[in-house]
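See below for the structure under consideration.
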């Protein structure tokens, strides 16, 4: 390998200097001149001849000193500077810092000829990173080269932009790169697409207005440009697949041409046509066809063709087959394709090659959720893989077993995981398996004894590398208990007995976290065991304290346990001995514990009040802070300033003028919203240990960050004082079994046939053991058995279902918890109001197909708004149509048309169709959207209408009873959303909805965290023939929460200087917007902005995000461009409004 590296580095100088006109055949540029090739070659030969690292460092330092003197000399020519850059690159590649040459690399890229500029750009891309401060000096050079007529200079500029470019400087080059999408040369178009892909990754909101140009790149006549555009589409479809379903036909056509070998032969790899292009297209089709029969139907033929043609025995064809299998099992199922994919998986699993066997197990792990019966076909192969010598095969097999675990085979599978855990020495494998075992033990534990023994094994074998959430959540489970008090005490009693038995072993060494768990349990629940005297338990804990292997942290856990046990005893010699031993300890924490224990023992009544039995879940905090009343009164008496609420301090801060702003920039705006599913239980790890969509084993590696990790930390204090945890009463949920796509193969894949007696007799003992193991591992996976898979609906009741033990009397104090926790995500949303959060009981429900406003067949929000009555004075157009729009107009471009129907037309339509919902007269006066259907079933239908009021977005939800009998106890529940805040209760109950009648409820909503578009989900539960749950989703846009903000020019100037977060962008103006007033009028009407003033070719506008977050806009026109400059106290709001402005201007 070292020979290859040496030859590569030796050839590098020749490649860099092969076009140098000053270098002759001999490598010299003239008499007495040494070429860059010989100088770099001499350096490389000198380094390879050295025998130690110390000699290398000495030589490199001498070389860097010489180079520093050379590049700093004023007489150094650009040609000599290029030679120095080549050697600096080599030194930097070896890991030696050469920062003195960074600025000279930028100068070389700015001033040199083509070859020198090429080396300068290369050096910059290798020396600097995206956030380097010197990179700003290169922006003007890039802009100049992008405007050059020389293709090489344009290519170099596009290359450096796609590699490293500062995010804040994107608006400076974005219009130029957009123009390059229309360039006549395909290499320029391809590099322009790659640069835009880079921009999309680091600042997606700044390129969303040119998505139509991405579509042109997808249909480009050059295959390279088309392939480059797939990167952008794969990323965008991952974030929002519903917006690109109309392109499914284009992707299918491209894949057909690729599979058919229609691309140039340059794209082939080992006679396989464009394999990486096929893989990318298959991933895109899988995302588009998921849960969509109509879209999936378009891809069946091309997927069949891809499976048929990928028959060459080569690694790249195996990769294509693997992606085909994943796509087939992701989209809406088709029986013929599923059968072929199952055969393909079988070939992988049965292959003697380890790599193919691993690929088959990974594919089987991925598809097992859709087709559990497929595991039955290969059960003996899976059993053999458990004893495979390759640990990776073993680990992937355990991942597969983890996916098929149910209440009948959990004991066997967990035991196999524990056996592997005892053998493994790899930290990642230990962390991964420990989390899986803890999750399975909680969900499927057959009894208390097995659960405690399994968790003891987890803590013993996992050691101190166990993730902290596992012991913490295990202790929380013991503390919170279950629905049965008797069962709680039995579990805790068995835990105490098992830990006392473990402590009997004198020479046993347990991990520190396991000892901490033991100490906590013995301190809390040792009194449940009546046949063991507390003095015996104290003696065992005292013996632990005397061991030298016990860490200081564990000793504090033990002292806390001793204190709790001492509170239930009258007197103890062990306690007195502990106080005497540790009162003079050098460990300050232990000394403090000893003094606290001494003072508490002197007042037993106080000790029992402070340490009640089973009081770990009770909050003993004075939420009103009444103990500070005297201190506050004394301070006010001395003239101290009274406390000001947070919103009052913010208002005073905004009103003050300041010349300079020293506040740091906020976080970058993220336009996409990643949604995460909420399950009905929480694993002991608090993490998700399932595999990802590609079938990879669960990765629970924890990324190191420089910030404080606060995940899972309970939030107790906020702006409004003490925020106790809110009690959530969640009922048991029994969901019906999900029908897998494997049921389509029920005729081909079923239970394995029973062995005949003569076959059984001929089996060896080893084969009999494997057959018996298979019968225990794969029990419950037959076609007639109830399947219980990880991550799928499970009909079995969870063994350990937690319940909250917080007193119900605190619920009124908890109401602001959600409000304050949400407000912490978005600081500038200051003016909040108390929210009355009602506890909602979960019902046993039948899940119907989820309907969402963001799907392709449901309308989306439009930016075309009309003005409410209270905002007419801001100058917006208030002319409204007199009649209801046609139904076809609602679905044009998937937008909701804003309308205001006449009252007569509405009454006529209501009389004809009594179940069609209509607004009240009061709400009819306000600007509102069309009434659209959210979801429906045979008995009930939900409709939605948005009403834009001055202080909030009003969601009117209509519930229509379509049956001939009344519906009782209809509950409407909104889920807590990451980006939105419902000002009232999130639940609403209709006591009764009469037959053929419509009821309505309304909810006021604010945007709590900035996003361009988000989803507010919920469900409605009702009882007809059976209890049913109907889910819905509402798409909300940022513009729904924008309102005009009236102010004078003087107030605008003062507020402008006080705001620090700003965003700038140039937008092309269309021919219809030939003047500034026309452009501002468009922004005013579409986005509800208030025009403060227009002076010449400049204008200023103001708006606010509800409730009171201001955003100011300065506009200026020049050369057919509209320069926008936003400022706001919120870092994310300018980015969001910029995207909306770009969208509006594009539509105009």
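Numbering (this note's numbering), first residue to last: 137 to 1284.
We put the CB at the ideal spot given by N, CA and C, even for glycine.
Every value quoted in this text rests on a predicted model; they were computed, and no experiment measured them.
Paired residues, beta bridge with residue i - DSSP
| i | result |
| --- | --- |
| residue 1151 | 1171 |
| residue 1259 | 1202, 1252 |
| residue 1081 | 1092 |
| residue 1226 | 1238 |
| residue 1101 | In the DSSP output, where bridge partners are listed per residue, residue 1101 has none listed. |
| residue 1129 | 1103 |
| residue 1164 | 1158 |
| residue 1139 | 1091 |
| residue 1063 | Residue 1063 pairs with nothing; no bridge assigned. |
| residue 1264 | 1197 |
| residue 405 | 408 |
Short Cβ contact (8 Å threshold) for residue i with residue j
| i | j | result |
| --- | --- | --- |
| residue 1092 | residue 1125 | no |
| residue 1095 | residue 1083 | no |
| residue 253 | residue 297 | no |
| residue 1181 | residue 1258 | no |
| residue 247 | residue 214 | yes |
| residue 601 | residue 573 | no |
| residue 313 | residue 332 | yes |
| residue 1131 | residue 1099 | yes |
| residue 715 | residue 734 | yes |
| residue 530 | residue 556 | yes |
| residue 697 | residue 711 | no |
| residue 1241 | residue 1143 | yes |
| residue 1166 | residue 1071 | yes |
| residue 540 | residue 511 | yes |
| residue 394 | residue 365 | no |
| residue 416 | residue 370 | yes |
| residue 460 | residue 471 | no |
| residue 244 | residue 218 | yes |
Rounded Cβ spacing between residue i and residue j (contact assumed at less than 8 Å)
| i | j | result |
| --- | --- | --- |
| residue 594 | residue 570 | 5 Å |
| residue 1264 | residue 1246 | 6 Å |
| residue 597 | residue 558 | 6 Å |
| residue 391 | residue 414 | 7 Å |
| residue 423 | residue 373 | 5 Å |
| residue 1250 | residue 1238 | The pair is not a contact, with the Cβ atoms about 10 Å apart (cut-off 8 Å). |
| residue 206 | residue 195 | That pair is no contact at about 17 Å. |
Environment of residue i [buried if 16+ CB atoms lie within 10 Å]
| i | result |
| --- | --- |
| residue 456 | buried |
| residue 179 | buried |
| residue 463 | buried |
| residue 429 | exposed |
| residue 355 | exposed |
| residue 1162 | exposed |
| residue 1149 | buried |
| residue 483 | exposed |
| residue 803 | Note on residue 803: pLDDT 44, under 50, position unreliable in the model; no value is reported. |
| residue 281 | buried |
| residue 342 | buried |
| residue 779 | exposed |
| residue 496 | buried |
| residue 872 | Because residue 872 sits at a pLDDT of 39, beneath the cut-off of 50, its placement in the model cannot be relied upon, and the point is left open. |
| residue 197 | exposed |
| residue 767 | exposed |
| residue 603 | buried |
| residue 229 | exposed |
Chain D within 8 Å of residue i, Cβ atoms only
| i | result |
| --- | --- |
| residue 407 | In summary, chain D is missing from the structure at hand, where a single protein chain is found. |
- [ ] Count the CB pairs spanning the stretch 675 to 690 and the stretch 646 to 660 that are closer than 8 Å, and state whether there are at least three.
- [x] yes
Open item on the list: Is it the case that the stretch 265 to 272 contacts the stretch 300 to 309, given that we only count it when at least three CB pairs across the two stretches are under 8 Å?
Closed with: yes
Open item on the list: Quick test of the definition: if touching needs 3 or more C-beta pairs under 8 Å, does the stretch 1170 to 1186 touch the stretch 1073 to 1087?
Closed with: yes
TODO: Count the C-beta pairs between the stretch 1208 to 1223 and the stretch 1184 to 1193 that are closer than 8 Å, then say yes if the count reaches three, no if not.
DONE: no
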